[in-house]
Structure formats: structure tokens, C-alpha cells
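Numbering (mature numbering (1 follows the signal peptide of the UniProt record, and there is no 0)) for the sequence shown: -37 to -1, 1 to 451. No residue lacks a Cβ here, since even glycine has one placed at the ideal position from N, Cα and C. Structure, as C-alpha cells:
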Amino acid sequence: MSSLKARLALLKAFLVNVPLVLKTALLHGIQMSPVKGKQDLRTELTVAIIRSYLRTRAPLGKTQRDGIRDPGVKGPMWISKVTLPQPDNDVRDAVLHAIESLKTGDETFEIPEAIPVEGEWTGHRAGAGKNTPEPELSEQEKYLKLREESPSDMTILYFHGGAYFLLDPCTHRVPLAHLSRLTGAPAFSVRYRLAPQNPFPAALVDALTAYLSLVHPPEGSLHQPVPANKIIIAGDSAGGNLSLCLLQTLLTLDRTNRTVRFGGKDVAIELPAGVAGVSPWCDITRSMPSCSNNAYLDYLDPSPPPSDDVPFANIPFIPDDVWPASPPRAEIFCNSTILGHPLVSPLAAPAELWKNAPPVMISVGEEGLADEGLIVGRRLHEAGVPLVAELYEGMPHCHGMLFLETPVSTAFFKGFSEFCRDAVAGRVKSTGTLTWRGFKLQSTKEIPIEKVCEVSDEEVRSLMKKSIDWRLRTEIEMQKEWHAKARL
């Protein structure tokens, strides 16, 4: 019955989009498409359909549940599900320490609990076809099989994307199994807590729990200790944000000589081998020019400019018991007062805060989030961090994960896997340039990293401040109205 419902839902979605598909294909065929020379028909159609889906009004809770529904495990992958035990409260307190160390004003946030963290070990399963079912084995047996086929001493700690309120490790199994095949390494994909039910910094607490659990396995863990210099932290979109924020947390704890009580003992903070951000969401306010300038190539809608007359409106969900929050806030992920904090928006971190970071990879398309990722890359380079940066012409948000088995995705995963191996081996050398890959990979050029985005640091601060102030004004008015109703 569930399979029939899924097929009917797919058919309905297709029928709804028939006019859009026909219009897009026609304009592309007569070479009157706005993306002419930057996207092929498959890419343009995919972007148009995803954009249409994201604009569909629905309750946030339903959208969230649909996005985390497990499709089951099949095909060339090993999946071993585990739950990391609840850590000492000091893990939470270490994150709070990092937040307080980087505060500049009256930032506010909810203090979360430290909880058990679920995750999935993911690896490639050789010889399995696309529809080969998962064998009936215990999670430990599946893990052992996974490790047999992923023998590298490297581990990829992965955080999925989804704007911090959508998706799940189950939605990223296919690309992660592919990355495991290319690197020979297992990936540990974290089911971090989602907003709005669990706003900042709950996901960051879960991320630190997962990282420390790899280095210092709790009793009963399937895995052996993974040295920090054998760990690659990676993620796409919001997961890229979380990867960079976890790195900044580790740097801050190291800089302030803060140890963490974990597993009944005090452990020193050790930095990973490297961090990879795939279309990383570095500015939660989405205030950089590329959000509008590149919108015609992307499925992410542009963020409207701040206005004194029009209140800020987040994604227009139909109200339900999940959203709006109670008391209300403007942003799904966090309070507006803390949007400019480096552990919320890495774009807010000046170059000096990235000093002594391990090698970092930033990979973006010609997408809405391009500017913020490239500016963070520029600051990393200024801080002396070994940087690998690349931009794919005409490609939308997270293109490498979307268009598997295409030449562009092949090139992306080749670079991604090479960075992972090179970082663990200590071979990453920063050239100070970004690799620009042209449409259909027909041309490539190297551009100095300081010239790939012309938005200055002063302009960044100004644009972010205007966007934050706009959200804060709206949030204050929303809360005044909420409190007035509560008194009735």
C-alpha cells in the first residue's frame, strides 16, 4: 500500500509540473532560455522542478516528516545504524564556552541538553546492483562488512544539508556510499537535532558529541578510536555550515585551552585532518549579492532586500504545531540576535579566527550561496590555512550531490575524494587560487582567491547588519503581539 501511495504521489507531482516542464524544454530548445550557455536541459529542468517544489506551501511539520522518511536500504551500500550514548554535560558546556568566547553583544539562544546522538556508518558494497536488498545481519555484522570494504584508516564525519530543518542521513546514503568507494574510507553520517524544535546550538552540541565519540569511543562502540588527524569533517549546505562551525568551535576551545569532560575523563581538543564544505551555507541571513544575482541559475529563491516598511517573512509555511515557534522568532534556526555570531554564520568570523585551522575545501556552483562560501575561503587563505577552492559555472546549489553519474558530478567527487586523501596525508598545498570550471567542463582557469568575489569585508559587515536588523525588528514585533495575546 505504501509503495502504491508513493507511486501515486510521484505521478501527481509529475502531472502538476507538466506545464513547467514543457515551457522549460521549449525555451531551451529554441535557445531563448535565460540560462543559455550555462546549463544543459537536464540541469535546467531539475532546477525548475525543485524550485517549484520549494515554493509549494505546506505545514513545516509535514514537510519535515516527508524529508526524513526512510526509503530503506538497498543497492551498493553498507549501512550500520548506531546510537552514541548521552555524553557528559561538559560537552554542552564546552559549546556554550565557545559561544560566550566569541560573543560581541547581547546575543541570545536556547540552552539545549546533551543527548544520545544517532548516526549511520556508510560504506560502499561491492557487487550489489541498484535494487539489491540489504542482507539480514545485525548492525555489528553490517559494520564489520562495511569495514572490510572500507579499509582506510581515514574516517569522514558527515553532516547532511537541509537548511537545518530538513533531511536526514537516510537522504544522503547514495552520495556518501559513492564517496566511500572513491576514498576507501567509512563515513559516519550524523542525525543531528533539527530546528525549529531544536534551535541553535543543539545541532552543534550533537556535532561535537559525534566528533569526540570518534576520537574517544564510548564503551560498546562498534568502532575503534580514530585519531583526530585521520578525520575529515564534511557536509553540504547547512551541513557545510555545521562543519565549519564545528571547526571554529574546536579552534576556539583549543585557543582558550579548554579541555572537555568526555567518557569520564578530561580530554584535550585535537583538530581534524581537514574540513570540506559543499555549497556551505555560511550566512544564515543570505544577505550577499549572489543570493539575488545567481537566482536564475539556482533553485534557492533569492532573499528579499531589507525594508523598513515590509516585515521579514521566512519561508511561507502554513502554520502548524511546529512553526511558528512559541514564542515566535523570525528565523527557523535561531534567534535573530545571534545571526551574526561566528558559530551561527561562519561569514561573520574574521580571518584571525581561522588561524591554525587544518586544510579546508570550499566547493560551490554559480549559485545563491556562492559569495559567502568564497568570502570565507578568502579569509581562510588570509589566515594562512591551506585552501582548495572551486566553482562550477552555471551549476546550482549542491550540484555534485544532485547530478550523480554526470561528468560534472564525476569531476566534483574526484576533487572531493582527492582532498580527503591529501588532507589526511598532509599533502594539501594552498595555491592561493580558485579553480573555475566552465560549462560542461569545456574550460578551466585559475583565479586568485582574493579576486573571485569583489564584496569587501566592510561591505559584508554592512549587508549582514542590515539583514539582521530587519529580522530583529520583525522578531520584536512578533513577540510583542504574542505576549499581548498571551495576556488575554
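- Message: Using a Cβ distance threshold of 8 Å, determine whether the stretch 85 to 95 contacts the stretch 160 to 177, with at least three qualifying pairs required.
- Response: no
- Task: Assign His446 to buried or exposed, taking buried as 16 or more other Cβ atoms, counted over all protein chains shown, within 10 Å of its Cβ.
- Result: Within the sequence shown, the letter at position 483 stands for residue 446. Label assigned to His446: exposed.
- Message: Excluding the 5 residues flanking Leu435 on each side, which residues of the same chain have their C-beta closer than 6 Å to its C-beta?
- Response: Residue 435 sits at position 472 when you count from the first residue of the sequence shown. Within the same chain, Leu435 has close Cβ partners Ser299.
- Measure the beta-carbon distance from His123 to His135 and round it to whole angstroms, keeping in mind my assumption that it falls under 8 Å. Residue numbering aside, residue 123 sits at position 160 when the sequence shown is read from its first letter. Residue numbering aside, residue 135 sits at position 172 when the sequence shown is read from its first letter. With 8 Å as the limit, His123 and His135 qualify as a contact, their Cβ atoms being about 5 Å apart.
- Item | Glu294 CB to nearest heavy atom of the ligand ATP below 7 Å | Ligands in the displayed structure: none, and consequently the ligand ATP is not present.
- What three-state label does DSSP hand Met324 in the structure shown? For the purposes of this step, residue 324 is identified with residue 361 of the sequence shown, where counting begins at 1. In the structure shown, Met324 sits in a strand (DSSP, three-state: E or B).
- By how many angstroms is the C-alpha of His344 removed from the C-alpha of Val54? Here residue 54 is taken as the residue at index 91 of the sequence shown, counted from 1. Here residue 344 is taken as the residue at index 381 of the sequence shown, counted from 1. Between Val54 and His344, the C-alpha separation is close to 30 Å.
- Item | Limits of the unbroken alpha helix (DSSP H) element including Arg436 | What you label residue 436 is simply residue 473 of the sequence shown in a count that begins at 1. First-last of the alpha helix (DSSP H) with Arg436: Asp420 to Arg450.
- Item | With 16 other Cβ atoms within 10 Å as the buried cut-off, status of Leu214 | The residue you call residue 214 lines up with position 251 of the sequence shown. Its Cβ being crowded by 16 or more others within 10 Å, Leu214 is buried.
- Contact check, Thr248 vs Leu302 under 8 Å by CB: the rounded distance? Against the sequence shown, residue 248 aligns to sequence position 285. Against the sequence shown, residue 302 aligns to sequence position 339. At roughly 5 Å, the Cβ-Cβ gap stays under 8 Å, so Thr248 and Leu302 are in contact.
- Contacting residues, own chain, Cβ-Cβ under 8 Å from Val285 (five flanking each side not counted): Stepping through the sequence shown from its first residue, residue 285 is reached at position 322. Excluding residues within five positions, the ones whose Cβ falls inside 8 Å are Pro22, Leu23, Gly24, Gln27, Pro159 and Gln160.
- Query: Going by other Cβ atoms of all chains shown within 10 Å of its Cβ, with 16 needed for buried, is Arg18 buried or exposed?
  - Reply: Residue mapping note: residue 18 aligns to position 55 of the sequence shown, counting from 1. Its Cβ having fewer than 16 others within 10 Å, Arg18 is exposed.
- Query: Of all the options Ala91, Val80 and Glu111, which has the alpha carbon lying nearest to the alpha carbon of Leu157?
  - Reply: In the sequence shown, residue 157 corresponds to position 194, counting from 1. With distances taken between Cα atoms, Leu157 lies closest to Val80.
- Query: Hey, out of Glu7, Gln2, Lys1 and Lys408, whose CA is closest to Lys(-15)'s CA?
  - Reply: Position 23 of the sequence shown holds residue -15. Residue Glu7 is the option with its Cα nearest to Lys(-15).
- Message: Ignoring anything shorter than 4 residues, give me the alpha helix (DSSP H) runs that lie fully in the stretch 232 to 294, in order along the chain.
- Response: 253 to 256
- Mind the definition here: the stretch 36 to 45 touches the stretch 104 to 112 only if three or more C-beta pairs lie below 8 Å; say whether that holds. yes
- Query: Going by DSSP, which residues form a beta bridge with Met40?
  - Reply: For the purposes of this step, residue 40 is taken as the residue at position 77 of the sequence shown. According to DSSP, which records beta bridges pairwise, Met40 is partnered with His87.
- Determine the burial state of Met(-6): buried for a count of at least 16 other Cβ atoms within 10 Å of its Cβ, exposed for fewer. Along the sequence shown, read from residue 1 onward, the residue named residue -6 stands at position 32. Flag for Met(-6) reads exposed.
- For Asn319, count neighbouring Cβ atoms within 10 angstroms of its own Cβ and tell me buried if that reaches 16, exposed if not. Indexing the sequence shown from 1 puts residue 319 at position 356. Burial call: exposed.
- Query: In whole angstroms, what separates the C-alpha of Tyr155 from that of Leu365?
  - Reply: On the sequence shown, position 192 is the one that residue 155 refers to. On the sequence shown, position 402 is the one that residue 365 refers to. Straight-line Cα distance between these residues: approximately 22 Å.
- Beta carbon of Gly183, beta carbon of Pro321: below 8 Å? Reading the sequence shown from its first residue, position 220 is the one you call residue 183. Reading the sequence shown from its first residue, position 358 is the one you call residue 321. Taking 8 Å as the Cβ cut-off, Gly183 and Pro321 do not qualify as a contacting pair.
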